[in-house]
Amino acid sequence: MTTRRLITISVPPPLLKRAEQIAREENRTKSELLREALRFYVDTREVRKTDMRERAGVLIDAIQNRTRGFPPKQIRKVVREAVEAARRGKRRATA
C-alpha cells in the first residue's frame with residue numbers, strides 16, 4: 009500500500025505558472041508533475057555529484073599544469089580565474 013504525505017512548498021510565481029502550464033499540456037496534476045521532477049532530481053543526484061568531482065579533478069590538474077614554477081601570487085590568480093571560468097561553465101583558454 010502506497011502512502012503519501014502532504015507537504016507545502018513555495019515557488020516563485022513564474023515557476024508555478026510554468027508548472028501549471030506543463031501540467032495542463034500533459035493532462036497531469038501539479039502533484040504528479042512535481043513528484044516526477046523530485047524523482048528525477050533524486051535519481052540523477054549521484055551522477056551530478058560524480059560529474060562535479062570529475063570537473064574538480066580536471067580543474068585541479070589544469071591548475072597544477074599551468075602553475076609549475078610560478079610564484080604564489082601568480083598561482084592564486086590562475087586559481088581564481090579557473091574557478092570563475094568553471095562557475096560560468098566555460099573552460100579557460102590555455103595561457
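Add 8 to a position in the sequence shown, counting from 1, and you land on the number used in our numbering.
Built from N, CA and C at the ideal position, the CB exists for glycine as well.
From a predicted model like this one, the values you see are computed outputs, not experimental measurements.
The stretch 82-99 makes contact with the stretch 62-71, as at least three CB pairs between them are under 8 Å. Secondary structure of E62 (DSSP, three-state): helix.
Bounds of the alpha helix (DSSP H) holding I30 are P21 to E33.
Note on A90: 16 or more other CB atoms within 10 angstroms of its CB, so buried under the neighbour-count rule. A Cβ-Cβ separation of about 5 Å places L41 in contact with A31 under the 8 Å criterion.
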